[in-house]
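Undergrad: Anchor point for the sequence shown: position 27 equals 27 in the UniProt record's numbering, and the numbering is continuous, going up by one each time.
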Amino acid sequence: MPEHAARTGLGTWWTDHPLRPRAAAVSCAGYAVLAGNPRTTAPGDLAHLAHCYVVTPDVFLPVLGRAFTRIVPWERMIWAYDAPAPAARQGPGLLVRPLVPADAPAVRALGPDLAWLADSWGGPAGLAASGHGWGAFRNGCLLSLACTFFAGGRYEDIAVATLPAERGQGLATACVRALCADITARGRIPSWTCSRDNHPSRHLAAKSGFQPIHTYVHYALGAPLAGTRPPAEATRP
């Protein structure tokens with residue numbers, strides 16, 4: 001995610017000191033990474049991470065506890081693409097293809113429940129023009145979408161969603177497999193991140209050729225606690 005934020009210019013960077021940082025945080029699309037020395041970090045410095053999912057060492061938990069109304073641990077799994085899976089069969093009238101800039105209205109038409117798919121690209125126009133998305137279209141309507149959510153130097157972590165009325169037809173599988181072939185052709189490894197208890201996501205990952213490689217915990221943060229001082233200046237890369 002920090003590599004994605006640096007490459008795209010999307011996201012927020014914070015350090016406790018501009019020249020000699022001892023603690024740093026990077027956030028993008030509602031996710032954050034926090035590391036360094038918690039002793040140099042005041043609770044108010046982290047207010048800009050409110051409502052984020054943050055990955056951080058346990059030593060930061062006390063300062064997070066003084067900064068936010070809640071900290072909820074959430075166990076997650078990371079999967080990596082192991083081997084190409086067989087190509088998914090496409091139904092009549094279905095076209096699975098890369099997104100192009102002109103598809104921005106189609107991405108927007110997926111609606112507010114699926115709008116998060118484009119958050120890491122700055123919105124539907126950014127995702128459509130990124131060269132990192134594949135969609136399943138029928139009669140010109142976008143029904144399912146798989147995209148790189150965070151593009152790093154070695155891995156591309158992907159996201160996928162299908163309109164509720166169109167689920168169960170293999171559309172997500174077709175989009176994921178096409179996207180994975182694209183990522184592999186770029187010389188990177190597709191990765192997949194989901195909650196341990198998200199069994200539909202785990203099933204789709206396994207079906208699409210992914211293998212679990214790691215578990216970790218991130219923390220869902222609440223609102224800033226009253227009385228914390230204003231945050232230090234955060235800047236975009």
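Don't be surprised by glycine CBs; every beta carbon is placed ideally from N, CA and C.
Answer with yes or no whether the minimum CB distance from residue 152 to chain C is below 9 Å.
TA: Protein chains in the displayed structure number just one, and chain C is not present.
Undergrad: Between which residues of its own chain and residue 15 is the CB-CB distance below 6 Å, once the five residues before and five after are set aside?
TA: Result list for residue 15: 21, 24, in chain order.
Undergrad: Using beta-carbon positions only, say whether residue 124 and residue 96 come within less than 9 Å of one another.
TA: No, these two residues do not count as a Cβ contact at 9 Å.
Undergrad: By how many angstroms is the C-alpha of residue 134 removed from the C-alpha of residue 179?
TA: Going by the C-alpha atoms only, they are around 6 Å apart.
Undergrad: Closer than 8 Å by C-beta to residue 158: which residues in its own chain qualify, once you throw out the five before and the five after it? Chain order, please.
TA: Cβ neighbours of residue 158 beyond the five flanking positions: 146, 147, 148, 149, 176, 179, 180, 183, 190, 191, 192.
Undergrad: Which residue's Cα is closest to the Cα of residue 222: 114, 151, 31?
TA: Selected option, being the one with the closest Cα: 31.
Undergrad: In whole angstroms, what is the alpha-carbon distance linking residue 162 and residue 78?
TA: Each residue's alpha carbon lies about 21 Å from the other.
Undergrad: How far does the alpha helix (DSSP H) with residue 75 in it extend, from its first residue to its last?
TA: First-last for residue 75: 71–81, but that is the beta strand (DSSP E), not the alpha helix (DSSP H).
Undergrad: My parser needs the beta strand (DSSP E) runs of 3 or more residues fully inside the stretch 99–164; what are they?
TA: List check, beta strand (DSSP E) in window: 133–138, 141–151, 155–162.
Undergrad: DSSP three-state call for residue 202: helix, strand or coil?
TA: The answer is helix: DSSP assigns residue 202 an H, G or I state.
Undergrad: Given this structure, state the Cα-to-Cα distance separating residue 75 from residue 68, to the nearest angstrom.
TA: Answer to the nearest angstrom: the Cα atoms are 20 Å apart.
Undergrad: Assign residue 111 to one of two classes, buried (16 or more other C-beta atoms within 10 Å of its C-beta) or exposed (fewer than that).
TA: Per the 10 Å Cβ criterion, exposed.
Undergrad: What's the gap between the Cα of residue 56 and the Cα of residue 218?
TA: So the alpha carbons of these two residues sit roughly 7 Å apart.
Undergrad: Quick test of your reading: residue 11 and residue 27, contact by CB under 8 Å. State the CB separation rounded to the nearest angstrom.
TA: Confirmed, Cβ separation roughly 6 Å.
Undergrad: Between the C-alpha atoms of residue 207 and residue 40, what's the straight-line distance to the nearest angstrom?
TA: Distance between the alpha carbons of residue 207 and residue 40: 45 Å.
Undergrad: Tell me whether residue 4 is buried or exposed, calling it buried when 16 or more other Cβ atoms sit within 10 Å of its Cβ.
TA: By the neighbour-count rule (16 or more Cβ atoms within 10 Å), residue 4 is buried.
Undergrad: Kindly indicate which residue of 82, 80, 45 has the alpha-carbon position closest to the one of residue 65.
TA: It is 45.
Undergrad: For residue 214, count neighbouring Cβ atoms within 10 angstroms of its own Cβ and tell me buried if that reaches 16, exposed if not.
TA: Looking at its Cβ environment, which holds fewer than 16 other Cβ atoms inside 10 Å, residue 214 is exposed.
Undergrad: Buried or exposed: which applies to residue 121, given that a residue is buried once 16 or more other Cβ atoms fall within 10 Å of its Cβ?
TA: Buried is the call here.
Undergrad: Mapping DSSP to helix, strand and coil, what is residue 9?
TA: In the structure shown, residue 9 sits in coil (DSSP, three-state: anything other than H, G, I, E or B).
Undergrad: Assuming the contact rule is C-beta atoms closer than 8 Å, residue 144 and residue 117 should be a hit. Round their C-beta distance to whole Å, please.
TA: No, residue 144 and residue 117 are not in contact; Cβ-Cβ is about 10 Å, not under 8 Å.
Undergrad: Checking the sheet assignment: what are the DSSP bridge partners for residue 218?
TA: Note: residue 218 sits in a beta bridge opposite 74.
Undergrad: From the DSSP secondary-structure annotation, give me the bridge partner or partners of residue 34.
TA: For residue 34, which the question treats as bridged, DSSP gives the partners 25.
Undergrad: Looking at the structure shown, is residue 95 part of a helix, part of a strand, or coil, going by DSSP?
TA: Strand.
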